[in-house]
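Okay, structure first, notes after.
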Amino acid sequence: MNERNERIHGVACTFRKVSDVFHAAEKVRDAGWKNWDVHTPFPIHGMDQAMGLPRSPVPRLTLLGGVTGFITGCLLTWYMNSYDYPLIVGGKPYWSVIFPFPVLYECTILFAAFGTFFGQFIFNRLPRHNHPLFDLPNFARVSDDTFMIVLEARDPQFHLDESRNFLQSLGGQEITVIRD
Amino acid sequence: MAHAHDSSSERPAILDKVRPAELPRSPLILNNRGFHWITDKVCGIVEEETPLWWKIMFGVALFVASFTFIGLGYLVSTGTGTWGLRSPVGWGWAIVNFVFWVGIGHAGTLISAILCLLRQKWRTSINRAAEAMTIFAVCCAGLFPLFHVGRVWFGWWLLPLPNQNGIWPQFRSPLEWDVFAVSTYFTVSTLFWYMGMIPDLGAIRDRATTWWRKAFYSLLAMGWRGGNRQWSNFEMAYLLLAGLSTPLVLSVHTIVSFDFAVSNVPGWHTTIFPPYFVAGAIFSGFAMVLTLMLPLRAIYRLHDVINQYHIDNMCKIILATGTMVGYAYATEFFIAAYSGNVYEKFAFVNRAFGQYWWAYWIMVSCNVITPQLFWFKKVRENHSLVWIICLFVNVGMWFERFVITCTSLANDYLPSSWGYYSPTIVDIFTFFGTFGFFSVLFLLFIRFLPLLPMAELKMVAPQADPHAH
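As given, the protein sequences belong to chains A and B, one line each in that order.
For the first sequence, this note's numbering begins at 58 and goes up steadily by one.
For the second sequence, this note's numbering begins at 4 and goes up steadily by one.
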């Protein structure tokens, strides 16, 4: 803890095989790490459990969006066709939930989709173009065929030499220090 | 009963000898290609020097697209009378083309959303291109109703925005529902398409060598880092968008069919329209996916990722939906006869044997008879033949919309108000040009964006299983 260098973002190591990185992630989870991540070119099936991640919070914003959309659709059609400029068409009521239902339905889906789309960006803290990881020379291969475990310096367990040794014991190759 | 009890208590000896049959799954990626091969293949398409065929095709597509814009320019400067619309046929080619293009789009959403929910892994190879097709098809479709309003500069009156007349859209009208359905469809499809592309844009960014490529793809990739914490939210959002797109796509063509079904015109006023339109949309859209993907597969040598298994599956979906459409044609006739309504009966007899009989029989032969060839494995393996059959399906589905729209309006109730509709040269040019407009957008997509979803392809590769040895 005392030797913790503020200018270090963390340590990274690479893996070449999915099964290696998967089992290494389980060990990092079991060691009780909190601030760490596994960077992969594609989502690995079961990695959320291997990392001990909770369920993604994105659905909350989807629900919020959907409810907002439905209410917006109701207010929109009620205000326009019943309150501000009442219209009688086809002997239908000024407003009911039935005749504008396709509009309410589409508004619900539209706003729920916005909630989901922006929820993904909000919970992933994106867009962010200046992350220290981008300075790692071997990080570019992570979007191709390499897997990388990163232990971050802000984790209370982080200690430069010990963490490096820990990654080595997991079977990681190319262990590098990431500077902020 | 007693006998059954005896036999269940004693385990037959043969059970220890039999082994469950091995049912190998068809591999989705042939020749055991690795992750790096997939990255190279897909990124290579956007990284290579612009091929000559692309430049030629792009020039041709621009030329063809100019027909649409010249046609629309002439329409706006002269009036909608240039479109061959006159009483009693007030909805001619414009609506036919609109329904045709929207329908094409639906296969893209079926592949990206419905097959995702059904965990059909084979969808990964074709989903990106099919989603792009959806968006570009909706762009083409939107042009027609937008210009059909006549004074296109008032097109914004369709939206719930305050205007100087102090009036609002009328939400009891299916045409207004359509505005909401199609614009939501376009927006959600674009969000879904773009979000799915972010990891692949990141992969192209990481390989970029020139500064402008780096800047362009960095901007689009939003700083994607591929951390599993990001993937976890991404996958959840992707699944939710698939779940939202599924009811959306079904609702869009349902609402498009309401444009017809809510009216009182014989031949339109039927409850079968929503499911029948949705099946037809998926049918025509899959035909368009194959029309586009077979040449691309040959040009870019994608045989390992789009293999016979994918083509077989698509052919079978065309066969299934084509048969559903044929069944719907038969049901319409049966209901017309069974209803006892003379106008309804006449509408259908008139479709098959009236003044538009030729359109009706083109429709039946292309949509019901040609896809039946897909029962045969030899046909599905002959890709030139598959491509030709898909062209027939596209033609047939255009004629289906023509038959529905024009025959019903041309001969409805009073014989004194019957008429005959024919398109003008402006109609023909405008429709012809949309194929160019579509191709321009699609060619730009091929050139600058990842044609196949790399991350999803890697996910279905056998090496991606963390428990594999």
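The C-beta atom is built at its ideal place from N, Cα and C for all residues, glycine as well.
Computed from a predicted structure; not experimentally measured.
| Check | Outcome |
| --- | --- |
| I want to verify the contact list: residues of chain B whose CB lies under 8 Å from the CB of residue 153 of chain A, in sequence order. | Simply none; closest approach about 10 Å. |
| Using 8 Å as the threshold, is the segment 183–198 of chain B in touch with the segment 152–166 of chain A, meaning 3 or more CB pairs across them? | yes |
| Which residues in chain A sit within 7 Å of residue 239 of chain B, going by Cβ to Cβ distance? | 113, 115, 116 |
| Would you list, in chain order, the members of the segment 130–149 of chain A that have their beta-carbon closer than 9 Å to a beta-carbon of chain D? | Protein chains in the displayed structure are A and B, and chain D is not among them. |
| Give a yes or no on whether the minimum CB-CB distance between residue 5 of chain B and chain A is below 8 Å. | With a pLDDT of 46 at residue 5 of chain B, under the threshold of 50, the predicted position of this residue should be treated as unreliable, though the coordinate-derived value follows. Cβ-Cβ to chain A under 8 Å: no for residue 5 of chain B. |
| How should residue 353 of chain B be labelled, buried or exposed, when 16 other C-beta atoms within 10 angstroms of its C-beta is the threshold for buried? | buried |
| Look up residue 13 of chain B in the DSSP assignment and say whether it is helix, strand or coil. | coil |
| According to DSSP, is residue 275 of chain B helix, strand or coil? | coil |
| Kindly indicate which three-state DSSP category residue 55 of chain A falls into: helix, strand or coil? | Only positions 58 to 237 of chain A appear in the structure, and residue 55 of chain A is not among them; the question remains open. |
| Using only the alpha-carbon positions, how far apart do residue 76 of chain A and residue 187 of chain A sit? | 30 Å |
| Give the residues of chain A in contact with residue 206 of chain B, contact being defined as C-beta atoms less than 8 Å apart. | 98, 200, 201 |
| By the three-class DSSP mapping on this structure, what secondary structure does residue 202 of chain A have? | coil |
| Among the residues of its own chain, which have a CB less than 8 Å from the CB of residue 20 of chain B, if the five just before and after it don't count? | none |
| Any idea if residue 209 of chain B is buried or exposed, counting beta-carbon neighbours within 10 angstroms, 16 or more meaning buried? | buried |
| With DSSP run on the structure shown, which of helix, strand or coil describes residue 314 of chain B? | helix |
| Could you have a look at residue 89 of chain B and say whether DSSP puts it in helix, strand or coil? | strand |
| Locate the alpha helix (DSSP H) running through residue 437 of chain B, then write down its first and last residues. | 428–451 |
| With 16 as the cutoff for other CB atoms within 10 Å, does residue 106 of chain A come out buried or exposed? | exposed |
| Report yes or no: is there a C-beta of chain B within less than 8 Å of the C-beta of residue 121 of chain A? | no |
| Which bits of chain B does residue 167 of chain A rub up against, with CB to CB less than 7 Å? | 187, 190, 191 |
| May I have the straight-line CA-CA distance separating residue 402 of chain B from residue 362 of chain B, to the nearest angstrom? | 6 Å |
| Please state the DSSP three-state secondary structure of residue 246 of chain B. | helix |
| Where residue 95 of chain A and residue 108 of chain A are concerned, what is the direct C-alpha to C-alpha distance, given to the nearest angstrom? | 8 Å |
| For residue 251 of chain B and residue 188 of chain B, which I take to be in contact (beta-carbon distance under 8 Å), what is that distance rounded to the nearest angstrom? | 6 Å |
| Nearest to residue 236 of chain A by alpha carbon, out of A:190, A:86, A:180? | A:190 |
| Sorted by chain position, which residues of the same chain lie with C-beta nearer than 6 Å to residue 453 of chain B's C-beta, five sequence neighbours on each side aside? | 45, 203 |
| Per DSSP, residue 94 of chain A is paired with what? | A:207 |
| Counting contacts by CB-CB distance shorter than 8 Å, is residue 256 of chain B in contact with chain A? | no |
| With DSSP as the reference, identify every bridge partner of residue 65 of chain A, one or two as the case may be. | A:236 |
| Could you compute how far the alpha carbon of residue 36 of chain B sits from the alpha carbon of residue 307 of chain B? | 8 Å |
| Within 8 Å (strictly less), CB to CB, does residue 462 of chain B reach chain A? | yes |
| Tell me, please, which residues DSSP counts as bridged to residue 42 of chain B. | In DSSP, residue 42 of chain B forms no bridge with anything. |
| Can you pull the chain A residues whose beta carbon is under 8 Å from the beta carbon of residue 174 of chain B, in chain order? | 134, 137, 138, 156, 157, 160 |
| Could you tell me which of B:178, B:173, B:238 sits nearest to residue 198 of chain B, measuring between CA atoms? | B:238 |
| Over the uninterrupted alpha helix (DSSP H) stretch that includes residue 210 of chain B, give me the two end residues. | 177–210 |
| I'd like to know whether the C-beta of residue 86 of chain A is nearer than 8 Å to at least one C-beta of chain B. | no |
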